[in-house]
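For reference, the structure is listed below as structure tokens.
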Amino acid sequence: MSETVVLRVRTTAPVDRVRQALTDAGELSTWLAEHAAVDPPDRFEFWGRYTPEGAEPHQTLEHLDERSLRFGWLVGGERTTVEIGWAAEGDTDGADTVVTVSQSHFPGWEAAVAESSVLGQLYTYWALSLANLVDHLEGRPLTPKVDFSSTEMRGEVLIGAPVDVVARSLVDAEEYSRWFGAKIDIEAWEGGRVAMGGFEMNPEPAKVVEFEPGRRMGVDWGGMVSTWELAESGGGTRLTFVQSGFDTGQPPYGAWAGWLSGVAELRRYHELPDWRPIWLQPDVPGLPEGMLTGD
């Protein structure tokens with residue numbers, strides 16, 4: 098059974114500026130894809146290593162106006178439909194802009210977690226893409242994209258906050274849930290447990306396989322180990338993160354994109370004095386009740 102997944106974000110950028118970033122090939126090739134081409138009324142394409150099955154473009158523009166665009170995308174053996182809309186949040190001058198992305202043929206939450214097909218990776222693919230769109234619009238550094246042509250999953254970002262502050266936000270379950278936007282339980286010691294959705298929702302939690310307080314943590318999720326490491330850098334924090342130990346014949350690109358989109362929000366959480374989540378409530382078929390936090 099396939100359904101439609103819907104994601105929503107808000108940005109301080111005005112509506113017209115958002116439209117430009119979504120329809121200009123040069124800007125698309127900055128925040129979305131390695132390559133892009135836009136030539137209405139027929140062409141809206143993006144491809145390259147940062148696009149699933151992106152050796153060549155597989156999109157066909159179906160509609161574009163001042164407030165929305167729609168294109169077909171052949172991905173995962175299915176002719177899916179993607180719709181992107183942008184509108185002011187409220188009627189006041191200077192209101193935020195809400196960007197909404199929907200994509201058909203999403204196989205559901207369980208299939209997405211299992212990563213049994215590229216279609217299941219689309220939720221986190223768009224989550225990372227939208228996080229980078231917001232940072233692009235607001236003049237902030239982008240988070241590394243997923244390289245769908247590689248099995249190496251290693252990244253690094255600088256965060257404008259002290260190491261001990263960043264470290265706390267990565268091990269304190271309440272604080273982690275706040276910036277990540279999903280409930281999590283964490284036992285921050287070697288041999289401890291980590292469970293997305295909480296221990297009550299997850300009968301087979303991950304296991305902490307290494308832990309150096311304030312500096313490093315490795316978690317075995319079963320078939321994949323995720324590790325983060327912190328170091329002081331010019332008064333801020335260098336966060337290095339790696340996914341390893343997975344089947345290279347079926348790389349967990351969806352999990353990697355999900356973590357990267359979380360890193361984007363972690364940076365905003367620590368660096369913006371008036372931080373609030375960019376995320377509004379999504380529609381994710383099959384998502385367990387109580388998994389997400391926030392608006």
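Take 98 as the starting number for the sequence shown in my numbering and just add one per residue. Note that beta-carbon positions come from the ideal geometry of N, C-alpha and C, so glycine has one too.
**Q.** Burial state of residue 362, where buried means 16 or more other Cβ atoms lie within 10 Å
**A.** Translated into positions along the sequence shown, residue 362 becomes position 265. Counting every other CB atom within 10 Å of its CB across the protein chains shown gives residue 362 a total of 16 or more, marking it as buried.
Q: Spatial neighbours of residue 345 within its chain, please: CB distance less than 8 Å, with the 5 preceding and 5 following residues excluded, ordered by chain position.
A: On the sequence shown, position 248 is the one that residue 345 refers to. 248, listed in sequence order.
**Q.** Opening and closing residue of the alpha helix (DSSP H) in which residue 117 lies
**A.** In the sequence shown, counting from the first residue as 1, residue 117 sits at position 20. It spans 112-120 - the alpha helix (DSSP H) in which residue 117 sits, taken as one unbroken run.
Q) Taking the DSSP output, what are the residues bridged to residue 242? A) Within the sequence shown, residue 242 is the residue found at index 145, counting from 1. According to DSSP, residue pairing for residue 242 in a beta bridge does not occur.
Q: Output yes or no for whether 8 Å exceeds the beta carbon distance between residue 364 and residue 256.
A: Taking the sequence shown and counting its residues from 1, the one referred to as residue 364 is at position 267. Taking the sequence shown and counting its residues from 1, the one referred to as residue 256 is at position 159. Closer than 8 Å, so yes.
Q) If you drop the 5 nearest sequence neighbours on each side, which residues of the same chain put their C-beta closer than 6 Å to that of residue 324? A) For this step, residue 324 is matched to residue 227 along the sequence shown. The answer, listed in chain order, is 315 and 339.
Q. With DSSP run on the structure shown, which of helix, strand or coil describes residue 327?
A. Here residue 327 is taken as the residue at index 230 of the sequence shown, counted from 1. Residue state, collapsed to three classes: strand.
Q: Identify the continuous beta strand (DSSP E) that holds residue 164 and give its terminal residues.
A: As a first step, residue 164 is located in the sequence shown; it is residue number 67 there, counting from the start. For residue 164, no beta strand (DSSP E) encloses it, and the DSSP letter there is neither H nor E.
Q) For the stretch 108-128 against the stretch 183-203, are there 3 or more C-beta pairs whose distance is under 8 Å? A) Yes: the two stretches touch, three or more of their Cβ pairs being nearer than 8 Å.
Q | Selection from 295, 204, 172 and 303 that minimises the alpha carbon distance to residue 287 | A | Translated into positions along the sequence shown, residue 287 becomes position 190. Closest option to residue 287, Cα to Cα, is 303.
Q. Does the beta carbon of residue 317 sit closer than 8 Å to a beta carbon anywhere in chain C?
A. You won't find chain C in this structure, because it holds only one protein chain.
Q) Nearest CA to the CA of residue 200: which residue from 238, 242, 231 and 156? A) Counting from one through the sequence shown, the residue named residue 200 turns up at place 103. When only C-alpha atoms are compared, the closest one is 156.
Q. Grouping DSSP H, G and I as helix and E and B as strand, with all else coil, what is residue 93?
A. Outside the shown range of the chain (98 to 392) lies residue 93, about which nothing can therefore be said.
Q | Proximal residues to residue 328 (C-beta, below 6 Å), its chain only, five neighbours per side dropped | A | Here residue 328 refers to the residue found at position 231 when the sequence shown is read from its first residue. The residues are 335.
Q: With DSSP as the reference, label residue 214 as helix, strand or coil.
A: Taking the sequence shown and counting its residues from 1, the one referred to as residue 214 is at position 117. Annotated three-state conformation of residue 214 is coil, per DSSP.
Q | Local Cβ density within 10 Å of residue 148, reported as buried at 16 or more and exposed below that | A | To locate residue 148, count along the sequence shown from 1; it is residue 51. Within a 10 Å sphere around the beta-carbon of residue 148 sit 16 or more other beta-carbons, which makes this residue buried.
Q. What is the C-beta distance between residue 193 and residue 107, in whole angstroms, given that I count them as a contact (C-beta under 8 Å)?
A. Along the sequence shown, read from residue 1 onward, the residue named residue 193 stands at position 96. Along the sequence shown, read from residue 1 onward, the residue named residue 107 stands at position 10. That pair is a contact at about 5 Å.
Q) Under the rule that 16 or more other beta-carbon atoms within 10 Å means buried, what is residue 232, buried or exposed? A) Walking along the sequence shown from the start, residue 232 turns up at place 135. Counting C-beta atoms within 10 angstroms of its own C-beta, residue 232 has 16 or more neighbours from the protein chains shown and is therefore classed as buried.
Q: Hey, could you find the ends of the alpha helix (DSSP H) residue 221 is sitting in?
A: Walking along the sequence shown from the start, residue 221 turns up at place 124. Unbroken alpha helix (DSSP H) run through residue 221: 219-234.
(Q) Counting C-beta neighbours from all protein chains within 10 Å, is the total for residue 282 16 or more, i.e. buried, or is it exposed? (A) Against the sequence shown, residue 282 aligns to sequence position 185. So residue 282 counts as buried.
Q. Are there 16 or more other CB atoms within 10 angstroms of the CB of residue 171, so buried, or fewer, so exposed?
A. Taking the sequence shown and counting its residues from 1, one reaches residue 171 at position 74. It is exposed - the Cβ of residue 171 has fewer than 16 other Cβ atoms within 10 Å.
**Q.** residue 219 versus residue 99 - alpha carbon distance
**A.** For the purposes of this step, residue 219 is identified with residue 122 of the sequence shown, where counting begins at 1. For the purposes of this step, residue 99 is identified with residue 2 of the sequence shown, where counting begins at 1. Linking residue 219 to residue 99 through their CA atoms gives a straight-line distance of about 12 Å.
**Q.** residue 175 to residue 131 span [Cα, whole Å]
**A.** For the purposes of this step, residue 175 is taken as the residue at position 78 of the sequence shown. For the purposes of this step, residue 131 is taken as the residue at position 34 of the sequence shown. Between residue 175 and residue 131, the C-alpha separation is close to 22 Å.
Q: Express the C-alpha separation of residue 360 and residue 243 in angstroms, rounding to a whole number.
A: On the sequence shown, position 146 is the one that residue 243 refers to. On the sequence shown, position 263 is the one that residue 360 refers to. Roughly 13 Å between the two C-alpha positions.
Q | 3 or more residues per run - each beta strand (DSSP E) lying fully within the stretch 278-305 | A | Fully contained in the stretch 278-305 are the following beta strand (DSSP E) runs of length 3 or more, in chain order: 281-283 and 290-293.
Q | Endpoints, alpha helix (DSSP H) assigned at residue 360 | A | Here residue 360 corresponds to residue number 263 of the sequence shown, with the count starting at 1. It spans 350-368 - the alpha helix (DSSP H) in which residue 360 sits, taken as one unbroken run.
Q: List the whole-angstrom C-beta distance separating residue 166 from residue 279, where the pair is believed to meet the contact cut-off of C-beta under 8 Å.
A: Residue 166 sits at position 69 when you count from the first residue of the sequence shown. Residue 279 sits at position 182 when you count from the first residue of the sequence shown. About 29 Å; that fails the 8 Å criterion.
**Q.** Contact set for residue 292: own chain, Cβ-Cβ below 6 Å, skip 5 residues either direction
**A.** Start at 1 with the first residue of the sequence shown, and residue 292 comes out as number 195. Around residue 292: 282, 299 and 302.
Q: Compute the beta-carbon to beta-carbon distance between residue 358 and residue 225, rounded to the nearest angstrom, for a pair I have assumed lies under 8 Å.
A: In the sequence shown, the residue the question calls residue 358 occupies position 261. In the sequence shown, the residue the question calls residue 225 occupies position 128. With a Cβ gap of about 4 Å, residue 358 and residue 225 count as contacting.
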